[in-house]
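Have a look at the structure below, then the notes.
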Amino acid sequence: MATSMMNTQIASIFYMIADILDILGEESPFKVRAYRVAAQTIENLEEDIETIVKQKRVLDLPHIGEGLAKKITEIVETGHLKYLEELKKKLPEGVVELLEIPGLGPKRVLTLYRKLNITSITALKEACEKGMLRTLDGFGETTERNILRGIQLKERTSGRVLLNVAYENGVKILEYIKRSSHVKECSLAGSLRRMKETIGDIDILVSSANTKKTMDHFVGYPEIEQILSKGSTKTSVILRDNLQVDLRVVKKKSYGAALQYFTGSKEHNVALRNLAIRKGYKLSEYGLFDKKTGRYIAGETEEDVYSKLGLSYIEPELRENHGEIEAASKGKLPVLVGYNDIKGDLHVHSTWSDGSDSVENIVKHAKLLGYSYIGVTDHSKSLRVANGLSEERVEKKIEEIKKLNHRYNDIRILCGTECDIKPDGSLDYDKKVLRKFDFVYAAVHTGFKMDEKNMTKRLIKAMEHEEVDFIAHPTGRMIGLREAYNLDIEQVIDAAKETGTYLEINAFPDRLDLNDAHVRLGKEKGVRFVLGTDAHMVNQLAFMRYGVATARRGWLEKKDIINTFTLNELERILGV
DNA sequence: GCCGTTTTCGGCCCGACTGTTTTCAGTCG
Numbered sequence: 002m003a004t005s006m007m008n009t010q011i012a013s014i015f016y017m018i019a020d021i022l023d024i025l026g027e028e029s030p031f032k033v034r035a036y037r038v039a040a041q042t043i044e045n046l047e048e049d050i051e052t053i054v055k056q057k058r059v060l061d062l063p064h065i066g067e068g069l070a071k072k073i074t075e076i077v078e079t080g081h082l083k084y085l086e087e088l089k090k091k092l093p094e095g096v097v098e099l100l101e102i103p104g105l106g107p108k109r110v111l112t113l114y115r116k117l118n119i120t121s122i123t124a125l126k127e128a129c130e131k132g133m134l135r136t137l138d139g140f141g142e143t144t145e146r147n148i149l150r151g152i153q154l155k156e157r158t159s160g161r162v163l164l165n166v167a168y169e170n171g172v173k174i175l176e177y178i179k180r181s182s183h184v185k186e187c188s189l190a191g192s193l194r195r196m197k198e199t200i201g202d203i204d205i206l207v208s209s210a211n212t213k214k215t216m217d218h219f220v221g222y223p224e225i226e227q228i229l230s231k232g233s234t235k236t237s238v239i240l241r242d243n244l245q246v247d248l249r250v251v252k253k254k255s256y257g258a259a260l261q262y263f264t265g266s267k268e269h270n271v272a273l274r275n276l277a278i279r280k281g282y283k284l285s286e287y288g289l290f291d292k293k294t295g296r297y298i299a300g301e302t303e304e305d306v307y308s309k310l311g312l313s314y315i316e317p318e319l320r321e322n323h324g325e326i327e328a329a330s331k332g333k334l335p336v337l338v339g340y341n342d343i344k345g346d347l348h349v350h351s352t353w354s355d356g357s358d359s360v361e362n363i364v365k366h367a368k369l370l371g372y373s374y375i376g377v378t379d380h381s382k383s384l385r386v387a388n389g390l391s392e393e394r395v396e397k398k399i400e401e402i403k404k405l406n407h408r409y410n411d412i413r414i415l416c417g418t419e420c421d422i423k424p425d426g427s428l429d430y431d432k433k434v435l436r437k438f439d440f441v442y443a444a445v446h447t448g449f450k451m452d453e454k455n456m457t458k459r460l461i462k463a464m465e466h467e468e469v470d471f472i473a474h475p476t477g478r479m480i481g482l483r484e485a486y487n488l489d490i491e492q493v494i495d496a497a498k499e500t501g502t503y504l505e506i507n508a509f510p511d512r513l514d515l516n517d518a519h520v521r522l523g524k525e526k527g528v529r530f531v532l533g534t535d536a537h538m539v540n541q542l543a544f545m546r547y548g549v550a551t552a553r554r555g556w557l558e559k560k561d562i563i564n565t566f567t568l569n570e571l572e573r574i575l576g577v
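In the numbering used here, the protein residues as written are 2 to 577.
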């Protein structure tokens with residue numbers, strides 16, 4: 002987002018300070034945490050911190066007191082922070098980086114630096130290979146091996162995988178786990194249950210009266226390459242494709258509390274536990290207890306836990322401590338759009354352009370999904386790499402769809418286009434060609450490297466075009482591959498509201514564009530949304546769930562999304 | 001370093017697993 006450069010910079014400075022203090026053995030762990038909490042606050046801020054500093058409202062921010070307010074002001078005004086420069090003198094840059102290795106924390110990092118003068122991951126790898134770590138107090142051969150493994154794991158996986166990869170694996174593992182007769186209930190947990198756009202590892206929770214048999218069954222899962230740890234409540238494994246899976250087993254009485262706890266997010270849980278304490282309770286993964294007497298109050302279901310805390314049930318996708326707890330306490334949570342509320346996909350490519358399946362095949366699959374309409378959108382003429390349609394081929398495609406609509410009368414096939422927005426903001430087809438489509442998606446596919454002002458103008462001009470209904474993948478980001486275009490997303494959102502243009506939540510797992518934060522911002526400003534999978538093969542129509550997940554993470558309800566409307570309502574809106 | 005339904009000082013979420021120990025420190029989520 003255009004407003005967040007300084008916010009990100011300040012957050013990363015505070016995170017860095019926390020790491021350095023940690024390694025240097027800061028005696029107050031709460032001071033360290035204060036920096037991390039402050040970093041998070043700034044990171045999640047929707048407003049530009051520079052504006053807040055100018056208006057002297059820094060002290061109004063939660064978790065920012067006198068000390069940190071001063072530091073924030075210094076960074077905004079001078080671009081750097083003396084305190085951090087001082088800290089950096091005490092610790093070479095590369096030492097902090099060592100914290101990224103799983104299994105290494107601040108204490109051991111300091112030992113490695115003090116005793117072996119290790120200041121980089123490369124140097125650490127060498128030291129492990131030479132067997133030098135085992136000579137240190139508190140380190141042994143196993144630790145040395147684990148650290149080496151941690152380095153290799155980090156090198157191989159670079160951390161996180163896309164949501165769909167984790168989800169598909171997670172569902173398969175759940176199916177396997179359920180085959181054990183000892184398993185009563187089981188569920189995905191962690192960031193996967195919250196449906197974040199990328200996932201670090203797969204968390205699974207099981208309730209069982211026989212934890213040992215459950216764990217034994219789990220480690221028999223055929224895709225497991227390595228068992229990292231195996232205990233009576235927690236087992237961690239690595240799958241062949243390098244995904245880590247953590248399984249936790251609890252008793253029935255704690256299942257709800259444990260599911261709540263292991264679903265997170267960490268920030269949501271901290272806030273929830275604080276709320277519990279304020280109300281005279283103690284909340285842990287074992288249940289909600291009376292703080293004084295220790296009496297068990299709730300824990301079998303998540304609903305019970307939230308309800309006893311005076312909250313309405315909070316859907317996993319909302320649990321990020323972004324205001325959901327306050328909303329739940331006032332009964333003001335949105336009724337989120339459901340995964341089965343979608344009546345049709347409006348962004349699908351066929352063999353007319355760069356898709357692999359015929360329109361008829363797409364229609365058949367859409368019917369299997371229970372859709373009442375399907376929009377087939379192919380690329381426009383100038384996108385030659387994607388076999389974009391000339392005006393003549395547009396006519397032919399419309400003819401084919403007309404015929405198919407006669408043949409299939411229990412689903413409506415809509416002929417759309419994903420029309421290119423040229424660098425000057427004009428569209429790739431004339432107005433009279435665009436009128437022939439049932440609806441028009443406009444999208445940027447070329448000239449990504451424009452400056453912010455011109456790119457924003459380009460998109461806004463497209464939205465002002467009377468034939469444009471939707472903007473596809475508005476920011477153009479590809480997760481892990483490509484940054485968003487330079488874009489003032491707030492201006493784009495405002496223009497969408499003004500022109501009545503629907504912004505897409507592109508459900509393709511590499512895109513998820515708009516993302517959850519943009520969606521939330523759009524919702525607050527009264528924008529409406531369209532979901533599209535951007536499928537190029539029929540099996541990708543199933544990506545819709547990731548679009549719905551993003552919508553839910555952005556607090557959307559049914560009424561905010563055009564794909565939840567009946568065919569009649571949709572046709573009325575599109576003027577078909 | 002922040003914060004206040006235990007308010008301006010004394011708390012700050014809590015438990016499991018591993019490895020190196022012989023009762024516990026370090027790390028993780």
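The beta-carbon is built from N, C-alpha and C at its ideal position, and this holds for glycine as well.
None of these values were measured; they are calculated from a predicted model.
Asked                                                                                                    : Found
Complete alpha helix (DSSP H) runs within the region 181-243 (minimum length 4 residues, chain order)    : 191-194 and 212-219
For residue 397 and residue 576, the rounded distance between their alpha carbons                        : 22 Å
From 251, 48, 25 and 386, residue whose alpha carbon lies closest to that of residue 232                 : 251
Close Cβ partners of residue 429 (< 7 Å) along its chain, the five nearest in sequence each way excluded : 381, 382, 383, 420, 421 and 423
Endpoints, alpha helix (DSSP H) assigned at residue 170                                                  : 164-179
Range covered by the alpha helix (DSSP H) that runs through residue 297                                  : Segment 297-299 is the beta strand (DSSP E) holding residue 297; no alpha helix (DSSP H) there.
Whole-angstrom distance between residue 91 and residue 18, CA atom to CA atom                            : 12 Å
First through last residue of the beta strand (DSSP E) which encompasses residue 246                     : 245-251
As assigned by DSSP and simplified to three states, the class of residue 255                             : helix
Beta-carbon gap between residue 228 and residue 203 smaller than 9 Å                                     : no
Residue from 279, 230, 318 and 367 with nearest C-alpha to residue 309                                   : 279
Limits of the alpha helix (DSSP H) - the one that residue 379 falls within                               : Taken as a continuous stretch (DSSP letters only), residue 379 belongs to no alpha helix (DSSP H), being part of the beta strand (DSSP E) at 374-380.
Cα-Cα separation, residue 13 to residue 505                                                              : 31 Å
Helix, strand or coil at residue 282 [DSSP, three-state]                                                 : strand
Residues that residue 531 bridges to, as DSSP identifies them                                            : 505
Distance between beta carbons of residue 302 and residue 257, contact taken as under 8 Å                 : 4 Å
Identity of the residues DSSP links to residue 447 by a beta bridge                                      : Answer by DSSP bridge pairing: none, since residue 447 is not bridged.
Backbone CA spacing between residue 283 and residue 65 [nearest angstrom]                                : 26 Å
Cβ contact check for the region 352-370 and the region 550-566: 3 or more pairs under 8 Å                : no
C-beta atoms of residue 388 and residue 359 nearer than 9 Å                                              : no
Of the residues 24, 207, 130 and 142, the one placed nearest residue 109, counting alpha carbons only    : 24
Proximity winner among 329, 319 and 298, relative to residue 313 (alpha-carbon distances)                : 329
Between the CA atoms of residue 459 and residue 186 - distance to the nearest angstrom                   : 52 Å
Limits of the alpha helix (DSSP H) - the one that residue 96 falls within                                : 94-98
Member of 413, 448, 407 and 437 whose CA lies at the smallest distance from the CA of residue 426        : 448
Same chain only: Cβ atoms within 7 Å of residue 437, ignoring 5 sequence neighbours per side             : 395 and 399
Exposed unless 16 or more other CB atoms sit within 10 angstroms - verdict on residue 446                : buried
Neighbour-count burial assignment, residue 318, 16 or more Cβ in a 10 Å radius                           : buried
Residue 479 - partner residues in DSSP beta bridges                                                      : 483
Segment limits, beta strand (DSSP E) that includes residue 413                                           : 413-421
Distance, residue 562 Cα to residue 572 Cα                                                               : 14 Å
Residues bridged to residue 558 (per DSSP)                                                               : 337
Inter-residue spacing [alpha-carbon to alpha-carbon] between residue 196 and residue 211                 : 30 Å
Local conformation of residue 536 per DSSP, three classes                                                : strand
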